[in-house]
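Take a look at the structure below.
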Amino acid sequence: MRVLIFDLLAERSEFGHGGNLQMVKHLTNNLSELDVFLVTPQYQDTNSLIAKNLTFSAAERISQPLWNNTTKFESSFSEIVGETSVNFTRINMPVGEIYELSNWLRINQISCVFCSGSRMNISEPEIWMDSAKKLILGIIEAKIPFLGICFGHQLLSNALGCKVERSESRTDIMCKLELTKLGLKDPLFSELIINDLGPTTLFTHQDHVRNLIQNNRIKLNLLGVTPHCEFAAVRISIDDEMLPIWGVQFHPEATNSMIVKSYELGDLTYEEKELFNNEHDGNEILKNFCSVVVGMINLS
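Counted the way the working numbering counts, the sequence shown spans residues 859 to 1158.
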């Protein structure tokens, strides 16, 4: 199995690499190896994100001139998860037309894609975000499973023309997700609904998706809301076919141990650590997403 991750928090050891491990761990069942490819367009030279590049090439430090040196750059590394060797390889961001990127994903046998959170903001656009949004449109055309988390949710929505705006203050909260009729029967939240109440979710963000654009073919379908976030979970459909492509404003990958470690590293305040010191259902949501991925592979 081959997984692609937009590694947009690479400079954060816990929410970066630790988050990546949480995303893919449920894909390791019954596998001796899992190949994970990481793209970091935020660190690439601007020119490399404009010129067409459809090769599947390993990234080198020289190709990442904006790399944050607080984190050691490694082109490839492996980690054992359970009984599985998870092999991480950094690759250069593919650049091309949407149909070319869609073909690139198929040719390189990418089974699913994750897009992490980021310290950058959609409301403060940077050039690399354009190439990232184009690849997401290629993912949609290829109908490959995708999960956008926090910034990844906003990037997905913005790629389809939705407005993303910055609120006056940041929201750090754990709360129940109120599911729509579609959300109540969506596989992402399978077995997480009790008395019509949805899963407990963890939010930390300041940018918000403000509307859901519907074009002739592609729709963003609302799955869940919270009192502070009116578009907290969405799913894509093309020509009324529901696709395995989701965006969630919350952080399902954030475990208690990651939060404690992030506090110890100085990435979270004591108040933030205490606020998030409760259980949430993120792990089960990731497990449900991975079950969809495995199910699609078994059917192919």
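For every residue, glycine included, the Cβ atom is placed at its ideal position computed from N, Cα and C. Predicted model only: the values in this text are computed from it and were never measured.
The DSSP-derived three-state label of Ser-1120 is helix.
Close CB contacts of Ile-997 within its chain, under the 6 Å cut and outside five residues either way in sequence, are with Val-971, Phe-1004 (chain order). Restricted to the stretch 1033-1110, the beta strand (DSSP E) segments that are unbroken, complete and at least 3 residues in length are 1058-1067, 1076-1084, 1087-1096, 1099-1106, listed in chain order. Ranked by Cα distance from Val-861, the first of Ala-868, Lys-883, Gly-876, Glu-869 is Lys-883. In this structure Pro-899 is in contact with Ser-989, their Cβ atoms being roughly 5 Å apart against a cut-off of 8 Å. The closest CA to that of Glu-1130, considering only Glu-1142, Asn-1114, Lys-1145, Gly-1082, is found on Asn-1114. Between the stretch 1029-1042 and the stretch 1080-1092, the count of Cβ pairs shorter than 8 Å is three or higher; the stretches touch.
With contacts defined as CB atoms closer than 9 Å, Ala-916 and Ser-936 fail to qualify as a contacting pair. Going by DSSP, Leu-896 is part of the beta strand (DSSP E) stretching over 891-897.
If you compare the alpha carbons of Leu-1126, Glu-1137, Leu-995 with that of Ile-1103, the shortest gap goes to Leu-995. It is roughly 33 Å from the alpha-carbon of Asn-966 to the alpha-carbon of Phe-1089. With fewer than 16 neighbouring CB atoms inside 10 Å of its own CB, Pro-923 falls in the exposed class. Between Ile-949 and the set Ser-960, Asn-888, Ser-906, the nearest pair of CA atoms involves Ser-906.
As a beta-bridge residue in DSSP terms, Ser-936 pairs with Asn-945.
Just measuring C-alpha positions, the residue of Glu-999, Lys-1021, Gln-1012, Phe-1061 sitting nearest Arg-1028 is Phe-1061.
Cβ atoms of Glu-1137 and Leu-1050 stay farther apart than 8 Å, at about 13 Å. Secondary structure note for Phe-972: its beta strand (DSSP E) is the uninterrupted segment 970-973. Selection Ile-1007, Lys-910, Thr-947, Gly-1105 evaluated against Leu-959 yields Lys-910 as nearest (Cα-Cα).
Within its own chain, the residues whose Cβ lies closer than 8 Å to the Cβ of Asp-1125, once the five positions on either side in sequence are excluded, are Arg-870, Glu-872, Phe-873, listed in chain order.
For the set Cys-1087, Arg-977, Asn-1069, the Cα lying nearest the Cα of Val-1022 is the one of Asn-1069. Under the DSSP definition of a beta bridge, Val-1152 lacks any partner. For Ile-1002, the secondary structure class from DSSP, reduced to helix, strand or coil, is coil. With fewer than 16 other Cβ atoms from the protein chains shown falling within 10 Å of its own Cβ, Gly-940 counts as exposed. With a beta-carbon spacing of about 6 Å, Val-894 and Ile-863 fall inside the 8 Å limit used to define contacts.
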